[in-house]
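Protein chains in written order, with our numbering: chain G, 9 to 311; chain A, 63 to 357.
No residue lacks a Cβ here, since even glycine has one placed at the ideal position from N, Cα and C.
It should be emphasised that the depicted structure is a prediction, and the values quoted were computed from it without experimental measurement.
The structure appears right after this line, and notes come after that.
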Amino acid sequence: MTRYALRAASVAAALGLWQLLTSLNIDLWLRFSQFPTVADVARTFADRLAGDDYWTDLTDSLTRILTGFLLAAVAGIATGVLVARSRLAEDLLGPILEVVRPIPAIALVPVAILLFPSNEQGIVFITFTAAFFPVMVSTRHAVRALAPGWEEAVRTMGGGRWRILGSVVLPGALPGIFGGLSVGLGVSWICVISAEMISGQYGVGYRTWQDYTVIDYPGVFVGMVTIGVLGWATSTAVELLGRRLTRWLPRTSYVPSGRPRTPRPEPTAPGPTAPEPTYPAPAAPAAVPTGTDPEEARDEHLV
Amino acid sequence: MSTSSETRETRETPGTSSGTAVGPTTGRATDQTTGHAGHAGHAKGRDAGAPVRGTRLTLRAATLGRPDAAALADVDLDVPPGEILTVVGPSGCGKSTLLRTLAGLLPALTGAVEQDGRPIGGPAADRALVFQEDALLPWRTLLANVELPLAIQGTPRADRRKLAADWLERVGLADRARQLPHRVSGGQRQRAQLARALAAGPRAVLMDEPFGALDAQTRAGMQDLLVEVLRGTGATVVFVTHDVDEALFLGDRVALLGAGSLVAVRDVPRPRERAAHDDPARVALRHAVLTSLNT
Chain G
9 MTRYALRAAS
19 VAAALGLWQL
29 LTSLNIDLWL
39 RFSQFPTVAD
49 VARTFADRLA
59 GDDYWTDLTD
69 SLTRILTGFL
79 LAAVAGIATG
89 VLVARSRLAE
99 DLLGPILEVV
109 RPIPAIALVP
119 VAILLFPSNE
129 QGIVFITFTA
139 AFFPVMVSTR
149 HAVRALAPGW
159 EEAVRTMGGG
169 RWRILGSVVL
179 PGALPGIFGG
189 LSVGLGVSWI
199 CVISAEMISG
209 QYGVGYRTWQ
219 DYTVIDYPGV
229 FVGMVTIGVL
239 GWATSTAVEL
249 LGRRLTRWLP
259 RTSYVPSGRP
269 RTPRPEPTAP
279 GPTAPEPTYP
289 APAAPAAVPT
299 GTDPEEARDE
309 HLV
Chain A
63 MSTSSETRET
73 RETPGTSSGT
83 AVGPTTGRAT
93 DQTTGHAGHA
103 GHAKGRDAGA
113 PVRGTRLTLR
123 AATLGRPDAA
133 ALADVDLDVP
143 PGEILTVVGP
153 SGCGKSTLLR
163 TLAGLLPALT
173 GAVEQDGRPI
183 GGPAADRALV
193 FQEDALLPWR
203 TLLANVELPL
213 AIQGTPRADR
223 RKLAADWLER
233 VGLADRARQL
243 PHRVSGGQRQ
253 RAQLARALAA
263 GPRAVLMDEP
273 FGALDAQTRA
283 GMQDLLVEVL
293 RGTGATVVFV
303 THDVDEALFL
313 GDRVALLGAG
323 SLVAVRDVPR
333 PRERAAHDDP
343 ARVALRHAVL
353 TSLNT
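And the structure:
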């Protein structure tokens, strides 16, 4: 509980500092006199929440990013596995991927405009490209780093190519893949907002830029806060899904969001999807009750 | 447990794998002749017309290793069905290479590698491999790991769950079945690996220093467990170790590797008898093996 109090206090302190600097019109090199106060932003936010446009923007942006991101996740994982597992695929796709990869996705706006009949598809394309490469690269690395013994074990059981893919490669690479998905999602947000600013109709990025052009600064801040909250919510969702699917990892080697995983006496986070912490470990094996052990892992293998 | 030697042997017929019970046998006494008694027992079993579960593994004038680095040259070795052959040699002498070749993971560079007279072209479910460590899939519970070979064979879910649970019970892990591998001890992981290797009823079990990472006490317990669970399976076993005492305790014969070749294969007097360790014949063999390893 103290940790949640700390977090709340940290946010409150930041907001308080902002309110103080702006309401006192501090002008010391950094100029806060033009800045909207927290109260201004909150008032505008409340107005926006009551209107329809805000929700249209929100759903538009979310639809774009989810479409692009999900396509990128599927394509990135598939390509990463293919390139890591097949020399032919590596030779055929490798050079193209490596040349396209350094191009910032947002620089593909002209390509998107030329290629796609509508802005909507162009924005999804840019979001897709942004997320694709981090996912592909981390999948490739994760697949190449798999312990060879796992695959050999399954081969000596008579398992074929698809069995190895489903029972060894994908589950084994999952921790690395989720690293790529987290990075990819972040880059996707950057690109979807930028693309909306350039060529969108509706969308949080579009609205934020509109507010800026009509000098509605509190509106700009509402947009920025919205982007921040959406980004935080989606990356938390990916994080939780990742933790749920990689519960088998010994937790000391995988600490999501940098939290120390020391044994905690207090009850853990609320929330319906929060996974049970797997630590503290039972001290003595003999102390583990049989059968209905709460530490017991669920069978979530892919057979 | 309705499993008996009869149902086990029906698995010899191709195409009966699904749903056939291959679980741990409790009727050890009846299986002893086919399973455990080495050469003589097997010869007798076959003369009596009983099907033999073990398989014959043969290497003829084989050179083994990677194409750029041959590890063993000119190996001639014949492992009759149901025999436990132990392989000892200094580290780096190609023990693992031999095993991986027999498993079908590594093709022979020259010569022939055969199972029952047919060339081994790749890995197959009837030659199970037990690794030194960390070969259990860490995201699967022990139970799910033991189920995996059964799933690959197409055993229906309910059957394979029951079989896997039976095997885990047999190796003394019934209460750890739902644990993930990293939450149990090294010895328990190796016991689970043993259960996984034997669950699908392989005809040969290839073991690559399976107890090498365990402490001496756990290791002795594991050797006894191995002898016990192998009894009744009739499987041919090739067991690689760097521990001479382990090799002499477990093996019907012991193969000595050294300096890139197979040096000798010796019969072991009174295998798998703890009391036989000071048998003069065993002591002499131990001495000979150690001498050969040190040269």
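| Item | Value |
| --- | --- |
| Using a Cβ-Cβ cut-off of less than 8 Å, give me the residues of the stretch 142–176 of chain G that come near chain A, in sequence order. | Ala155, Gly157, Trp158, Glu160, Ala161, Val162, Arg163, Thr164, Met165, Gly166, Gly167, Arg171, Ser175, Val176 |
| Helix, strand or coil for Met269 of chain A? Go by DSSP, reduced to three states. | strand |
| By DSSP, does Pro342 of chain A sit in helix, in strand, or in coil? | helix |
| If I measure Cβ to Cβ from Trp26 of chain G and keep anything under 6 Å in the same chain, skipping five residues before and after, which residues do I get? | Val46 |
| Give the secondary structure of Ser323 of chain A by DSSP, where H, G and I count as helix, E and B as strand, and everything else as coil. | strand |
| Given a cut-off of 9 Å, decide if Ala161 of chain G and Leu199 of chain A are closer than it, judged by their beta-carbon atoms. | yes |
| Keeping to the same chain, check which residues put their C-beta closer than 7 Å to that of Ala226 of chain A; ignore five residues upstream and five downstream. | Leu205, Val208, Glu209, Leu212, Ala261 |
| Please list, in chain order, all residues of the same chain as Gly213 of chain G whose beta carbon is under 8 Å from its beta carbon, the five residues on each side excluded. | Ser69, Val200, Ile201, Ser202, Ala203, Glu204, Met205, Gly231, Ile235 |
| Of all the options G:Gln42, G:Phe136, G:Leu23, G:Phe141, which has the alpha carbon lying nearest to the alpha carbon of Tyr220 of chain G? | G:Gln42 |
| Of the choices A:Arg118, A:Glu145, A:Ala135, A:Arg128, whose alpha-carbon is the least far from that of Leu292 of chain A? | A:Glu145 |
| What residue ranges within the stretch 139–223 of chain G form continuous alpha helix (DSSP H) runs of no fewer than 4 residues, ordered along the chain? | 156–164, 169–172, 178–207, 212–221 |
| Straight-line CA distance for Gly156 of chain A to Gly322 of chain A? | 7 Å |
| If you draw a straight line from the alpha carbon of Val330 of chain A to that of Gly313 of chain A, how long is it in whole angstroms? | 7 Å |
| Quick check: Ser207 of chain G and Gly130 of chain G, are their CB atoms within less than 9 Å of each other? | yes |
| I'd like the span of the beta strand (DSSP E) that includes Asp99 of chain G, first residue to last. | Per DSSP, Asp99 of chain G belongs to no beta strand (DSSP E); it is in the alpha helix (DSSP H), 95–108. |
| Tell me the start and end of each unbroken alpha helix (DSSP H) in the stretch 35–106 of chain G that is at least 4 residues and wholly inside, in chain order. | 46–58, 60–93 |
| Hey, quick one: how far does the alpha helix (DSSP H) through Arg223 of chain A stretch, first residue to last? | 219–232 |
| Whole angstroms are fine: how far does the CA of Ala326 of chain A sit from the CA of Asp130 of chain A? | 26 Å |
| Tell me whether Ile85 of chain G is buried or exposed, calling it buried when 16 or more other Cβ atoms sit within 10 Å of its Cβ. | buried |
| How should Val149 of chain A be labelled, buried or exposed, when 16 other C-beta atoms within 10 angstroms of its C-beta is the threshold for buried? | buried |
| Would Gly184 of chain A pass as an interface residue toward chain G - the criterion being a Cβ-Cβ separation below 9 Å? | yes |
| For a cutoff of 9 Å on Cβ pairs, would you count His244 of chain A as touching chain B? | The structure shown contains no chain B; the protein chains it does contain are G and A. |
| If you run the structure through DSSP and keep just helix, strand and coil, what is Val149 of chain A? | strand |
| Kindly identify the DSSP beta-bridge partner or partners of Leu191 of chain A. | A:Leu268 |
| Please state whether DSSP places Ala297 of chain A in a helix, a strand or coil. | coil |
| Output yes if chain A places a C-beta closer than 9 Å to the C-beta of Gly180 of chain G; else output no. | yes |
| When you check each C-beta in the stretch 202–214 of chain A against every C-beta of chain G, which residues fall closer than 8 Å? | Arg202, Thr203, Leu205, Ala206, Glu209, Leu210, Pro211, Ala213, Ile214 |
| Keeping to the same chain, check which residues put their C-beta closer than 6 Å to that of Thr280 of chain A; ignore five residues upstream and five downstream. | Gly249 |
| Please list, in chain order, the chain G residues whose beta carbon lies closer than 8 Å to that of Leu191 of chain A. | Glu160, Ala161, Thr164 |
| Rounded to whole angstroms, how far is the Cβ of Tyr210 of chain G from the Cβ of Thr30 of chain G, which I believe are closer than 8 Å? | So it is not a contact: roughly 29 Å between Cβ atoms. |
| With a CB to CB cut of under 7 Å and the five nearest residues on each side skipped, what residues in its chain are close to Arg148 of chain G? | Gly88, Val91, Ala92 |
| With the cut-off set at 9 Å, would you say Asp270 of chain A and Ser153 of chain A are in Cβ contact? | no |
| Could you spell out where the beta strand (DSSP E) holding Gln177 of chain A opens and where it closes? | 172–177 |
| Would you call the stretch 44–60 of chain G and the stretch 110–117 of chain G in contact, with 3 or more CB pairs under 8 Å? | no |
| In terms of alpha-carbon separation, which member of A:Gly151, A:Leu352, A:Arg115 lies closest to His418 of chain A? | The structure shown does not extend to residue 418 of chain A, since chain A is modelled only from 63 to 357, so the question has no answer here. |
| What in chain A is Cβ-close to Trp256 of chain G, meaning under 7 Å? | Pro200, Trp201, Leu242 |
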